[in-house]
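Chains as they are written, first to last, in our numbering: chain A, 1 to 77; chain B, 1 to 111. Glycine included, every Cβ here is placed at the ideal spot set by N, Cα and C. Source: prediction; values computed, not measured. Okay, so here's the structure we're looking at.
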């Protein structure tokens, strides 16, 4: 069972409406993606906290259905 | 706190640097775990590797303990620092070396 890029984007957008999201499929298997997420919600947060916000948005998919999501998060410049 | 959490808490409290990983430092079983092993070896930082593949309870327990869904997970002085992405990002930004030295952990290379 894999996950589509659009599904990942939809889940992140639902949690972070202002987010600019760019998703790249690393392996073409629906299991290994990289995602760049820019949102004001990350302002003042550590990297761990920023990634935890994205993982929470993915609602338990992360680590199970979605084996690997290389994350690059930042607040808007 | 469940006993597996207590076991993990003991592990990270009694070792300065702990890497919960798939496989062992000499035989990583996953590319992401292997990347963090390479970074720690490059920096010459002594650390304890915990093979989560050897114990399913730890494999799940560590994810709940840190509220982080994937492996590997690096702990320095009991604090969760990050997974593969964050450790690589900190290393490339030169922040990982200073994070260790600030915590009183000697680093061989300055990075």
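Could you check the C-alpha separation between residue i and residue j for me, to the nearest Å?
| i | j | result |
| --- | --- | --- |
| residue 45 (chain B) | residue 90 (chain B) | 15 Å |
| residue 72 (chain A) | residue 40 (chain A) | 14 Å |
| residue 74 (chain B) | residue 14 (chain B) | 14 Å |
| residue 79 (chain A) | residue 98 (chain B) | Outside the modelled stretch of chain A, which goes from 1 to 77, sits residue 79 (chain A), for which no answer is possible. |
| residue 70 (chain B) | residue 19 (chain B) | 12 Å |
| residue 4 (chain B) | residue 77 (chain B) | 19 Å |
| residue 96 (chain B) | residue 33 (chain A) | 24 Å |
| residue 56 (chain A) | residue 18 (chain A) | 16 Å |
| residue 76 (chain A) | residue 68 (chain A) | 25 Å |
| residue 80 (chain B) | residue 50 (chain A) | 14 Å |
| residue 30 (chain B) | residue 59 (chain B) | 14 Å |
| residue 48 (chain B) | residue 41 (chain B) | 12 Å |
| residue 2 (chain B) | residue 11 (chain A) | 31 Å |
| residue 61 (chain B) | residue 28 (chain A) | 30 Å |
Using a Cβ-Cβ distance cut-off of 8 Å, determine whether residue i contacts chain A.
| i | result |
| --- | --- |
| residue 62 (chain B) | no |
| residue 86 (chain B) | yes |
| residue 94 (chain B) | no |
| residue 89 (chain B) | yes |
| residue 23 (chain B) | no |
| residue 82 (chain B) | yes |
Does the beta carbon of residue i sit closer than 8 Å to a beta carbon anywhere in chain B?
| i | result |
| --- | --- |
| residue 26 (chain A) | no |
| residue 16 (chain A) | no |
| residue 68 (chain A) | yes |
| residue 71 (chain A) | yes |
State the DSSP-derived secondary structure class of residue i, mapped to helix, strand or coil.
| i | result |
| --- | --- |
| residue 101 (chain B) | helix |
| residue 23 (chain B) | strand |
| residue 36 (chain B) | helix |
| residue 4 (chain B) | helix |
| residue 108 (chain B) | coil |
| residue 58 (chain B) | helix |
| residue 16 (chain B) | coil |
Just to confirm before moving on: does the CB-CB distance between residue i and residue j stay below 8 Å?
| i | j | result |
| --- | --- | --- |
| residue 7 (chain A) | residue 21 (chain A) | no |
| residue 17 (chain B) | residue 105 (chain B) | yes |
| residue 72 (chain B) | residue 107 (chain B) | no |
Notebook entry, point to check: Closer than 8 Å, Cβ to any Cβ of chain B: which residues of the stretch 38-55 of chain A, in chain order?
Noted result: 47, 48, 51, 52 and 55
Next item on the list: Closer than 8 Å, Cβ to Cβ, to anything on chain A: give me those residues from the stretch 25-40 of chain B, in chain order.
Entry: 32
Checklist line | Short-range partners of chain A found in the stretch 64-80 of chain B, where Cβ spacing is below 9 Å | finding: Residues 66, 67, 68, 69, 70, 71 and 80.
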